[in-house]
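This report concerns only the one structure given below.
Residue numbers (the numbering used here): -8 to 201.
Written out as structure tokens, the structure reads:
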């Protein structure tokens, strides 16, 4: 079975990422592969892990984690075959918390696939551009289809009579279709990369034994 994590990529109070991620989760659970039991989706919230600014003394590529939050984060990410990153765009890039969480690990990301759901004034597309570059260094295959939500067109005031009321998610059918297409690609790539993950796991096992 292919396991896909929907990573909530913001820890900011009042974040919209959680609502977006829960919508993605709802759509994903209606995907044919998920309904058939061939794939699963699970929400992973960065805020639940309490990761500090990167504080591991040894580079992640060596896999020698010293701190408990890192070990917990590593165990979670290691268990998935692919990822959907839900991210806002901050100053032309991703939230610092998301980049920090990515940088904590190396092998746990390798030979897996990633899709992206972003939001922002410009749909968060520039944040995803940066994510694609960082993940390539971690041997993550990113799929083409991206879901880009506008904070103007895809969120509406919770109280139409109050212009200062918080805005809530309100997406059209075209975005749900894009999530489904992205999942088609993501599940396919996650499965295709399984042999590489197996080879890497075998190599790590032999290295430990040696």
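Glycine residues also receive a C-beta, built at the ideal position from the N, C-alpha and C atoms. Values in this document were obtained by computation on a predicted structure and should not be read as measured data.
Start and end residues, alpha helix (DSSP H) containing residue i
i	result
residue 116	116 to 128
residue 45	Looking at the DSSP string, residue 45 is not in any alpha helix (DSSP H), and its letter there is neither H nor E.
residue 168	164 to 183
residue 25	23 to 26
residue 144	Where residue 144 is concerned, there is no enclosing alpha helix (DSSP H), given that its DSSP letter is neither H nor E.
residue 96	Premise fails: residue 96 is in no alpha helix (DSSP H) and is neither H nor E.
8 angstroms contact criterion, which residue i and residue j should meet: CB distance rounded
i	j	result
residue 112	residue 138	Rounded, the Cβ-Cβ distance is 16 angstroms, inconsistent with contact.
residue 30	residue 178	5 angstroms
residue 86	residue 0	6 angstroms
residue 130	residue 101	4 angstroms
residue 104	residue 184	6 angstroms
residue -6	residue 72	5 angstroms
Whether residue i touches residue j by CB criterion (9 angstroms)
i	j	result
residue 65	residue 99	yes
residue 260	residue 159	Coverage of the chain is limited to positions -8 through 201, which leaves residue 260 absent and any answer about it impossible.
residue 134	residue 176	yes
residue 34	residue 69	no
residue 174	residue 19	yes
residue 97	residue 52	yes
residue 157	residue 41	no
Cβ-based neighbour list, residue i, same chain, cut-off 8 angstroms, excluding 5 preceding and 5 following
i	result
residue 166	138, 140, 145
residue 116	80, 109, 137, 139
residue 37	-2, -1, 0, 1, 2, 88, 89, 92
residue 162	14, 140, 145
N-terminal and C-terminal residue of the beta strand (DSSP E) that residue i is part of
i	result
residue 133	131 to 141
residue 34	30 to 36
residue -4	-7 to -1
Beta-carbon proximity list for residue i, same chain, < 7 angstroms, skipping 5 on both sides
i	result
residue 15	-3, 75, 77, 108, 170
Coarse secondary structure for residue i, derived from DSSP in three states
i	result
residue 15	helix
residue 9	helix
residue 63	helix
residue 157	coil
residue 150	coil
residue 241	Outside the displayed span of the chain (-8 to 201) sits residue 241, for which this structure offers no information.
residue 107	strand
residue 195	helix
residue 79	strand
Neighbourhood of residue i by C-beta distance below 6 angstroms, restricted to the same chain and skipping five residues each side
i	result
residue 9	-1
residue 48	none
residue 54	98
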